[in-house]
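Participant: Residues 882 to 1008, numbered by our numbering, are exactly what the sequence shown covers, in order.
No residue lacks a Cβ here, since even glycine has one placed at the ideal position from N, Cα and C.
Note that the coordinates shown come from a computational prediction; the quantities given were computed from them, not determined experimentally.
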Amino acid sequence: MRSIDTNILVRMVLVDDVDQYDAALAVLNQPCWIGVTVALELWWVLTRVARLSPVVTSAAFAELGSLEAATWQHADAVQWATTKAAAGADFADMLHLALSGGADSFTTFDKGIAAQADGAPVPVETL
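Here it is in structure tokens:
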């Protein structure tokens, strides 16, 4: 099984280089692993560099998540964070929160996180 870099997924979403898209598709149709840090970087590249909206980016994540050969690290957390981000939350903040299961709380100075945190695995404590 291969571990996939962000640029492979970027090519799949943007289809901005046909040869690299074809190569990425071939790789992603074989058993592969996508780490949570790759998901975080992918969100950043798609929304900040490619300037896709959070809704479009969330849809791209859903499409990538449906690839049968791909195994996403913390798939449920990534899916939860993309859903929250599509609704206006910060993806990184929601991913941090989603990966905080097992903690007593997620502590932050950012009052905005609590406003978007319904359904989170732990309560948000705002200082």
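Taking 8 angstroms as the threshold (C-beta atoms), are residue 907 and residue 892 in contact?
Facilitator: Position 11 of the sequence shown, counting from 1, holds the residue named residue 892. Position 26 of the sequence shown, counting from 1, holds the residue named residue 907. No. Outside cutoff.
Participant: Taking 8 angstroms as the cut-off, does the region 924-936 touch the region 977-997 (at least 3 CB pairs, one atom from each stretch)?
Facilitator: Not touching, per the Cβ criterion.
Participant: Distance check for residue 946 and residue 993, CA to CA, integer angstroms please.
Facilitator: Numbered from 1 along the sequence shown, position 112 holds the residue referred to as residue 993. Numbered from 1 along the sequence shown, position 65 holds the residue referred to as residue 946. Taking the straight line from one Cα to the other gives about 27 angstroms.
Participant: Do residue 890 and residue 919 have their C-beta atoms within less than 8 angstroms of each other?
Facilitator: For this step, residue 890 is matched to residue 9 along the sequence shown. For this step, residue 919 is matched to residue 38 along the sequence shown. Yes; because the gap between Cβ atoms is below 8 angstroms, this pair is in contact.
Participant: For residue 958, does the count of other Cβ atoms within 10 angstroms reach 16, so buried, or fall short, so exposed?
Facilitator: Here residue 958 corresponds to residue number 77 of the sequence shown, with the count starting at 1. Label assigned to residue 958: buried.
Participant: At the level of alpha carbons, what is the spacing between residue 885 and residue 1008?
Facilitator: The residue given as residue 885 occupies position 4 in the sequence shown. The residue given as residue 1008 occupies position 127 in the sequence shown. The straight-line gap from Cα to Cα measures roughly 38 angstroms.
Participant: Report the partner residues of residue 884 according to the DSSP bridge assignment.
Facilitator: On the sequence shown, residue 884 is found 3 positions in, with the first residue counted as 1. Its beta-bridge partners are 914.
Participant: Can you tell me which of the three DSSP states residue 908 falls into?
Facilitator: Here residue 908 is taken as the residue at index 27 of the sequence shown, counted from 1. In the structure shown, residue 908 sits in a helix (DSSP, three-state: H, G or I).
Participant: What residue from 923, 979, 940 has the CA that sits closest to residue 955's CA?
Facilitator: Mapped onto the sequence shown, residue 955 falls at position 74. Checking every option, the nearest Cα to that of residue 955 belongs to 979.
Participant: Reducing DSSP to helix, strand and coil, say where residue 1006 ends up.
Facilitator: What you label residue 1006 is simply residue 125 of the sequence shown in a count that begins at 1. Of the three classes helix, strand and coil, the one that applies to residue 1006 here is strand, per DSSP.
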